[in-house]
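Okay, so the sequence shown: first residue is 116 according to the working numbering, each after it adds one.
Note that beta-carbon positions come from the ideal geometry of N, C-alpha and C, so glycine has one too.
As the structure is a computational prediction, the values presented were derived from the model and not from experiment.
Worksheet: the structure to be examined is printed underneath.
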Amino acid sequence: MKFNKPLLIDHPFEDWVWNDVPKFRKEQVRKWIFEKEKLNWNQMFNLPKSMKEKLEEKFDLMPMEKVQVQGSRDTTQKFLWILRDNQLIESVLIPATIGTKGIRASRLTLCVSTQVGCALQCKFCASGLDGLKRNLTTGEIVGQILLARKEAGKRIDNIVFMGMGEPLANLPALLPALDQILSPKGLGIGARHLTLSTSGLAPKIIELAKYPAQIRLAISLHGGDDETRSKIMPINDRYSIDELFEACEKFIQKRKKMITLEYILIKGVNDDLRQAELLARHSRRLNAKVNLIPYNEVDGLNWKRPSRAKIKAFHKRVEKGDVPGVTLRMEKGFDIDAACGQLRLRKKTSAD
116 MKFNKPLLID HPFEDWVWND VPKFRKEQVR KWIFEKEKLN WNQMFNLPKS
166 MKEKLEEKFD LMPMEKVQVQ GSRDTTQKFL WILRDNQLIE SVLIPATIGT
216 KGIRASRLTL CVSTQVGCAL QCKFCASGLD GLKRNLTTGE IVGQILLARK
266 EAGKRIDNIV FMGMGEPLAN LPALLPALDQ ILSPKGLGIG ARHLTLSTSG
316 LAPKIIELAK YPAQIRLAIS LHGGDDETRS KIMPINDRYS IDELFEACEK
366 FIQKRKKMIT LEYILIKGVN DDLRQAELLA RHSRRLNAKV NLIPYNEVDG
416 LNWKRPSRAK IKAFHKRVEK GDVPGVTLRM EKGFDIDAAC GQLRLRKKTS
466 AD
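Okay, structure coming up:
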């Protein structure tokens, strides 16, 4: 991947690329980008014309452009972005109302992509149907949040790295992106509002445990034993459930943070009550919360969603297993292919 110019927000403001820019000018540019969401040099009116011309000649400022926005009946929005090399990615903005009677609040969650496509070939997921094209850069990860926030016209409260790609396969770009997201001089989003989901790259989980911020970790489990999980998650042939859980235990010990086990319910594959009992056992072992997700059907894949009765029975059996917590998460954005597992690699067409 080669570009004519580097992307400015791939670099922190103390990086070498800023050596010939005065400190107070760097601060002005930072405010324009992260506080005022201006990704156009001409809009930075307090910078000298000569400096803007010099910076424009040296850097790209816009990491991507909006191609399309789709709105769901449940008010979820899916963004299709075109990157500087004409690759396409998707991210999803999910509104929600939280709280109890008398105290209600709205929040916005953005589901962020970390790769163009995915190499891991999880059998339920649309993102890997055409394989991996490339990793996203730091600025392309952060750029999704900046531009989605501008589209929404309000603060984004939560970030979930559950879009296209495997986040832990792109740690060299992701960790600096986390720095920018967490920094008060960046996006200023607190660590407890960031959730990273992984299919189970065990060594990378241990590596992530060294990152100092208390970000949340979610494990895409989807099977209670190796035989079942391998049918759904080819990564399980490389890192078995025991190897994965050993890495999770090291993460938990290091970070002192509860993790979540994500479990997509697929008809006739992983939805029997024996799997529910195994899932409860794993939850107790790790002191992990469980997030049950009925399968969202994808064109080109033969998997089906279990019946409502089957889902309810599975949910109840996990609850009876004395787990730290279990939720049943119904889809958001299903009607626009924005629900869990539905984001996919796309090619630009005239319709876009």
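Three or more pairs of CB atoms, one per stretch, sit closer than 8 Å, so the segment 376–390 contacts the segment 332–343. Put simply, the backbone Cα of alanine 395 is about 19 Å away from that of tyrosine 410. Burial check for proline 291: the Cβ neighbour count within 10 Å reaches 16 or more, so the residue is buried. Residue environment analysis places lysine 248 among the buried positions, since at least 16 neighbouring C-beta atoms fall within 10 angstroms of its C-beta. Using a Cβ distance threshold of 8 Å, histidine 397 and glycine 339 count as a contacting pair. Glutamine 192: member of the beta strand (DSSP E) spanning 192–198, first to last residue. One thing to note: leucine 293 has its Cβ no nearer than 8 Å to the Cβ of alanine 263. CA-CA distance, threonine 253 to aspartate 125, rounds to 5 Å.
Contact between phenylalanine 194 and lysine 120 is absent: CB atoms are separated by about 24 Å, not below the 8 Å threshold. For lysine 167, the three-state secondary structure derived from DSSP is helix. Sequence-distant Cβ neighbours of serine 228 in its own chain, meaning closer than 6 Å and more than five residues away, are Ile204, Ser206, Gly278, Met279, Gly280.
Beta-bridge annotation (DSSP): aspartate 175 is paired with Leu122. Going by C-alpha positions, aspartate 352 is about 11 Å away from glycine 315.
Collapsing the DSSP output to three states places glutamine 390 in a helix. In the same chain as glutamate 322, and ignoring 5 residues on each side of it, the C-beta atoms closer than 7 Å to its own belong to Leu286, in chain order.
Straight-line measurement puts the Cα of tyrosine 354 at about 50 Å from the Cα of glutamine 158.
Distance from the CA atom of isoleucine 408 to the CA atom of arginine 420, rounded to whole angstroms, is 10 Å. Residue pairing of glycine 232 in beta bridges, as defined by DSSP: Leu247.
Residue burial is scored here from C-beta neighbours: asparagine 402 has fewer than 16 other C-beta atoms within 10 angstroms and is therefore classed as exposed. Secondary structure of asparagine 273 (DSSP, three-state): strand.
Around the beta-carbon of arginine 270, fewer than 16 other beta-carbon atoms lie within 10 Å, marking it exposed.
About 7 Å separates the beta carbons of arginine 140 and methionine 166, which is inside the 8 Å limit, making them a contact pair. Between the C-alpha atoms of proline 439 and threonine 190 there is a straight-line separation of about 31 Å.
The Cβ-Cβ distance between isoleucine 347 and isoleucine 296 does not fall below 8 Å.
Beta bridge pairing from DSSP links arginine 331 with Thr310.
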